[in-house]
Structure formats: structure tokens, C-alpha cells
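Asks:
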Amino acid sequence: MSNESQLQVTRKSDGPPVLLSSARSSLVARGRRDAALLAVPCNKCGERRELALAGCVCANCSDALDREWAASTATDWLVTRPWDNSVCFRVSDFVLLNTTYAQMKTYAWASNDAESRIRGFWRFRQATPEEITRLKPQWGIWSHASGARIVRPATPEEVATKKNWDWEWEIAMETDQIIRKTCEKLGIQMNEHDVPVGDAESVEQAADEIAERLRQLGWLEELAKMKREDNDALQAMDGARLLEMVLQR
Amino acid sequence: MSGQITRRLKPEEEEILRKREELAAIRATLAERELELVDLRSQLAAFEGRYLRQVGTLYAELDEWKARISELGARLDPSGTASARAHEAREQARQAYEDAHGKASETRDFTPFPELRSLFREVAKRVHPDFCRDADDLERRTRSMAEANRAYEAGDAEALQRILDEYQDGADAVKGEGIGAELIRIIRQISQAKERVAAIERELAGLRQSEIALLRKQAEERGQEGRDLLAELATAVREQIERTRKEYETLAKQDKPT
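Chains as they are written, first to last, in the numbering used here: chain Z, 1 to 249; chain S, 1001 to 1258.
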């Protein structure tokens, strides 16, 4: 054997390249998946457990709510959650109409979405001492993003008030549409204070046409009542000043 | 003027000196990489052992309850599908038990002391199979290197020293085959060592991307937040076991003849 041939040797193996058997690796992969789930705490209790509901609530909290309300046949629910003001502890109320327990649980109770994502907003108000006690310890912070919620079936009075509230907003927004379209047709614009800008004759004509339309719809009295009560929905209208002129007729 | 006579080196002798220096440098690099590799393997094996003891055994228990539920389900609904599902669940439970309680779960934490590391480095420099002279030598070095790896992982400094002593007795000294042959041998050793370094780099990269390494990374990140990932996982799996056990008990009541 020559020196040259003696030198042409190679290693038989580079050592064990595989650390884990594929089966053991799958056991580890399970841990990795579960570890990823534990990265986000439950939005109710703040504990890092497997999130069993809507990707944000642990099974313990979900089960606790089930024990409290799953047997209820209610179809209207009141959901209360903190509103972002830790100084005076305000809350926002939502009334969910024609909603099953399961729907309420998934879309309103479990969710930690922003305000606009939960349907059925009703009102802001000051939290009661009991609500402060119940809502704050869930996360230790007072924020709509905390996921803290109190739910219960809505009372018939609350349902009636919410329906009336929805109705008032609906006619206020519809009226605003009528005002906007009428103004567009007659070439009237609104200035930055929502005051109609145009020749007096056109403004008068617009007020007449709007009044006539509202009379046809049977909303004039309702709107006048809302005006007397300083209703929030009317204050939110772009055409509030023109409506004032209409109602003064 | 000094009376010393200095012999001028021949060009091939100068070249061999340069190559020896290069070989020494690559031996040091290779030893360092081998140490890094054996360290990472051992650390991952130790972490895996801890994971299997702390969490894997709980997954095995969870799978056992799931298998029992599937088997009950198959009794309540003796269709082929339910039976196949039960068989599958039983197989998974058996596999999870074997994996969680197997030899890998016995691996304990690995904390090599500095002297052990330095001894391993020396052994790797001297014994490494890539510095073999011939096929027999390769065989012997491969065996010795494997022994060295085991000794390091076991923290056995005496065994490492014994291996080193064997190779310090001139066993790897170059035989008088002439300068040309030695030069060729060194060049080949350098080349093989470089290939081995590259192979180790690839293996290290592979290990760092393995499931267990990624899980360990997650655990380290949680540790920096003052959290214990394995303890959190164990709690979560225990809760799943509790729920699954209750589900089994409810089903078992339905299964009882009235």
C-alpha cells in the first residue's frame, strides 16, 4: 500500500445527527404548541392557562360563566364592562337583543375587541361600588381592553329602554340623511358650526321640504319630544340646526 | 559576530512548517466546535429529560384518559369508525407513555466544570478522527472520540485523561515517510478538518432548529420574565387531565347497564 493510498481515508460517520426520535419529537412539539397558547393570559382571570374559548378565555373562566348562566333561557342580555377612566370608574352597558347565551358568551363576553366590535352599545354611566369590586380585581386595571365583563339577562325595562334608544337613534340618523340629501339638491352647504349656508329662499324651501317628509313619516312629534329632552342622538346630527328650524314651524 | 551556523530551510521544509501551523490552528478550531456540539447535545438532552419528567409524563396520562374515552365511545357506538378511533387513541397513549418514561427521560442536568471542558478540548485536538494516518488509525480514533464524548457527558475526567495519555505517547507521531508524504498528509488532514468543521456547523444549526431547542428557547425567554414555562405547561396539562377524567366518568356512568 502506498503512502498516498494510506492517506485516502474518510470517516465512517459524522456522529449521531439525530437528537430525538420522531415520536419523542412529537411529544416535544405538543409542548411547543401548548407553550405558544400559554404566551397569552386569559383575559378574564389573567392566568396563563390553555385558552379554550375564542382564543382569549381559559376553560376555568368559561366553565364558571356556564355554571352561572348556561341554563338561562334569556334572549336579551346586559353586558357591562369598564370604560377607560380609572379616576371616576365609568362603565359602558350593552344590551344584546335576540341573542342566545352561547352567542352572547362568544361575541360579547369572551371578546376583548374594541368598543365598536361589540354590537348593542347602550350607554356610559358611573359604575356602582359593586361593579367596581367585581370588574377591577379581574385584571387590576380599569380598561375596556381588560376583558373584564359582568353579564346577566337584561330586565324588561332595560330592553324597552334600549329599544326606544335604538329607535331614537335610527330616526335621528334617518332625519340627518333626509336633511343632507335635501340640502345637496338645493345647493345648500353647512358651515363648520353646522349652520346652513345658502340664500334665504333656498333654506326656507329646504325646511319646508324636510318638514313635509318628516310629517309623512310621522316623526315630527317624536323629534320635537327628543328636542325638548335634549336627546344625545339629535346632538350628534350634522343637520341639527336645520332641524331646529323645521321644528320651530 | 556570532559563530553560530544556521541551516537555511529548504522551500519544502518552510512549507511544511507553515502547514503545521495551519493544522494546529484548525485542530484548535475543530476541538472548540466539537466541544460546542457535545455541549449543545448534552444540554438539549438534559432539558429534554426534564421536560419529559415534568410535562411528558402528564401528556402520557392525558392520552391514557383520552384513549379510555375513545374505547368507551367505541363500546357505546360499535361502528367501525369509532373502533378505529379507539385503536388509534390507544396506540397514541402507548407511544406517549413509552416516550415519556423511556431512557431519554432519565437524562439529568448537564453542568461541565471548566477543567473537564479544557480536557475535552485537548482530547479533541489530539484524538480527532480527521487527523488519522490510515484506515486502522481512523478506526481507533473514531472509537476514542466516541468514548471521549461519552466521558465528557458523564463528567468523567479520568476517562478523558486516559484517552489523552494514550495519544500523548507518540501514537499519533508522524512516521518517517519523507517530507513529501508528510506534507501531503498534513494538507489532507487540514482539508478533512475543515470539512468536519463545516459538518459540525451544519449539525449545530440543525440542532438549534430542533423542536427541543426551540422549546428550550421559549423556556429561557419565559425565564427572563420570571416565569417557569415547564411548570406552567404542567399546570395546563393537569387541568386538561382533570377535565378529560371528568368527561370519562360522565361517559362511564352512561355505559353502566341500568
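The beta carbon of each residue, even a glycine, is placed where N, CA and C say it ideally should be.
(1) State buried or exposed for Arg30 of chain Z, treating a residue as buried only when at least 16 other CB atoms are found within 10 Å of its CB.
(2) Is there at least one Cβ from chain S nearer than 9 Å to Asn43 of chain Z's Cβ?
(3) Measure the C-alpha to C-alpha separation of Glu115 of chain Z and Glu1106 of chain S and round it to an integer number of angstroms.
(4) What did DSSP end up calling Thr1006 of chain S once you bin it into helix, strand or coil?
(5) For Ala1024 of chain S, does the three-state DSSP call read helix, strand or coil?
(6) Roughly how many angstroms separate the alpha carbons of Thr1006 of chain S and Ile1016 of chain S, rounded to a whole number?
(7) Runs of 4 residues minimum, wholly inside the stretch 1046–1104 of chain S: which ones carry the alpha helix (DSSP H) assignment?
(8) Label Phe1047 of chain S either buried or exposed according to how many other C-beta atoms from any shown protein chain fall within 10 Å of its C-beta, with 16 as the threshold for buried.
(9) Three-state secondary structure (DSSP) at Ala35 of chain Z?
(10) Is DSSP giving Ser116 of chain Z helix, strand or coil here?
(11) For a contact defined as C-beta to C-beta under 8 Å, what are the partners of Ala29 of chain Z on chain S?
(12) Check whether the Cβ atoms of Leu1164 of chain S and Leu1119 of chain S sit closer than 9 Å, and answer yes or no.
(13) So which residues of chain S does Leu38 of chain Z contact, with C-beta pairs closer than 8 Å?
(14) When the Cα of Glu1147 of chain S is compared with those of S:Asp1136, S:Gln1161, S:Ala1135, S:Asp1134, which residue comes out closest?
(15) List the residues that DSSP assigns as beta-bridge partners of Trp77 of chain Z.
(16) Please list, in chain order, all residues of the same chain as Asp1130 of chain S whose beta carbon is under 6 Å from its beta carbon, the five residues on each side excluded.
(17) Work out the CA separation of Thr75 of chain Z and Thr100 of chain Z for me, nearest whole Å.
(18) Select from S:Arg1150, S:Gln1209, S:Ala1060 the residue whose C-alpha is nearest the C-alpha of Arg1090 of chain S.
(19) State yes or no: is the beta carbon of Ser92 of chain Z nearer than 9 Å to at least one beta carbon in chain S?
(20) Output needed for Lys1066 of chain S: all residues of its chain with C-beta closer than 8 Å, excluding positions within five of it in sequence on either side, in chain order.
(21) Val1123 of chain S touches chain Z at which residues, Cβ-Cβ below 8 Å?
(22) Roughly how many whole angstroms lie between the Cα atoms of Asp1109 of chain S and Arg1216 of chain S?
(23) Please look up how many angstroms separate the CB atoms of Trp83 of chain Z and Phe124 of chain Z, rounded, as I've assumed it's under 8 Å.
(24) Is Tyr1059 of chain S close to chain Z, meaning its C-beta is less than 9 Å from at least one C-beta of that chain?
(25) Please give me, in chain order, every unbroken run of the beta strand (DSSP E) with length at least 3 that falls completely inside the stretch 142–219 of chain Z.
(26) Going by Cα to Cα distance, which pick from Z:Thr155, Z:Ala35, Z:Lys136, Z:Thr161 is closest to Ala148 of chain Z?
(27) Which word fits Ser1070 of chain S, buried or exposed, when buried means at least 16 other C-beta atoms lie within 10 angstroms of its C-beta?
(28) Could you spell out the range, first to last residue, of the alpha helix (DSSP H) harbouring Ala59 of chain Z?
(29) Give the residues of chain Z in contact with Ala1159 of chain S, contact being defined as C-beta atoms less than 7 Å apart.
(30) Would you give the residue range spanned by the alpha helix (DSSP H) that Gln235 of chain Z belongs to?
(31) Which residues bound the beta strand (DSSP E) around Arg125 of chain Z?
(32) Per the contact definition of three or more C-beta pairs closer than 8 Å, is the stretch 1030–1049 of chain S in contact with the stretch 1080–1088 of chain S?
(33) Look at the alpha carbon of Leu175 of chain Z and the alpha carbon of Leu214 of chain Z, and state the distance between them as a whole number of angstroms.
(34) Can you have a look at Val9 of chain Z and say buried or exposed, based on whether 16 or more other CB atoms are within 10 angstroms of its CB?
(35) Give the range of the beta strand (DSSP E) segment to which Ala52 of chain Z is assigned.
(36) What residues in the stretch 57–71 of chain Z have a beta carbon less than 7 Å from any beta carbon of chain S?
Replies: Taking the geometry as given:
(1) buried
(2) no
(3) In this prediction, Glu115 of chain Z has a pLDDT of 45, which is less than 50 and means its spatial position is unreliable; what the coordinates show is noted afterwards. So the alpha carbons of these two residues sit roughly 52 Å apart.
(4) coil
(5) helix
(6) Here the alpha carbons of Ile1016 of chain S and Thr1006 of chain S stand approximately 18 Å from one another.
(7) 1057–1076, 1080–1101, all fully within the stretch 1046–1104 of chain S.
(8) buried
(9) helix
(10) Bear in mind that the predicted position of Ser116 of chain Z carries a pLDDT of just 47, short of 50, making it too unreliable to give a figure here.
(11) Glu1211
(12) Cβ atoms of Leu1164 of chain S and Leu1119 of chain S: closer than 9 Å.
(13) Leu1229, Glu1232, Leu1233, Ala1236
(14) Of S:Asp1136, S:Gln1161, S:Ala1135, S:Asp1134, the residue nearest in Cα terms is S:Gln1161.
(15) Z:Leu96, Z:Pro153
(16) Gln1192, Ala1193, Arg1196
(17) 5 Å
(18) Nearest C-alpha to Arg1090 of chain S: S:Ala1060.
(19) no
(20) Ala1089, Gln1092, Ala1093, Thr1244
(21) Correct list: empty, because the minimum Cβ distance to chain Z is about 15 Å.
(22) Between the alpha carbons of Asp1109 of chain S and Arg1216 of chain S lies a distance of about 13 Å.
(23) 6 Å
(24) yes
(25) 150–153
(26) Z:Lys136
(27) So Ser1070 of chain S counts as buried.
(28) 59–69
(29) Simply none; closest approach about 18 Å.
(30) 232–235
(31) 121–126
(32) no
(33) Going by the sequence as given, residue 175 of chain Z is Thr instead of Leu. Looking at the two C-alpha atoms, the distance is approximately 8 Å.
(34) Residue placement at Val9 of chain Z is flagged as unreliable, the pLDDT there being 36, under the threshold of 50; the coordinate-derived value follows with that caveat. Result: buried.
(35) 51–53
(36) Ala59
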